[in-house]
Amino acid sequence: MNKSELVKTLAEDYNLSQDEAVAVVNTFFDSVREALVAGDRVEIRGFGSFKVKEYKGYVGRNPKTGDSVKVSPKRLPVFRAGKEMKELVNP
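No gaps in the numbering here: position 73 of the sequence shown is 75 in this note's numbering, and each next residue is one more.
Structure follows, in structure tokens:
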């Protein structure tokens, strides 16, 4: 399922116009995005949680040339499925 399919399903299930459904989906994604950028954790009971994980920098190696490459520290969003979601996927 992609974003447009989610909008279509939401519009059909709750008798919303496409524009209203787009606004709801965008508001949800924007809220999650803003929380993660601020470093907060987002937990949706029965679904899962999102958080930002920080990785330290390190010296890697270019496999093609063998040269050492400095990899900068970075922050990446991480999703962890909740217990109920795991049980649904793995009955």
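Don't be surprised by glycine CBs; every beta carbon is placed ideally from N, CA and C.
In this structure Gly59 does not touch Glu86 by the C-beta definition: roughly 37 Å separates them, more than the 8 Å allowed. In this structure, the CA atom of Tyr16 is about 46 Å from the CA atom of Ser74. For Arg35, the three-state secondary structure derived from DSSP is helix. In this structure, Glu56 keeps its C-beta atom at 8 Å or more from the C-beta atom of Arg35. Taking 8 Å as the cut-off, the beta carbon of Ala25 is found no closer than this to the beta carbon of Leu12.
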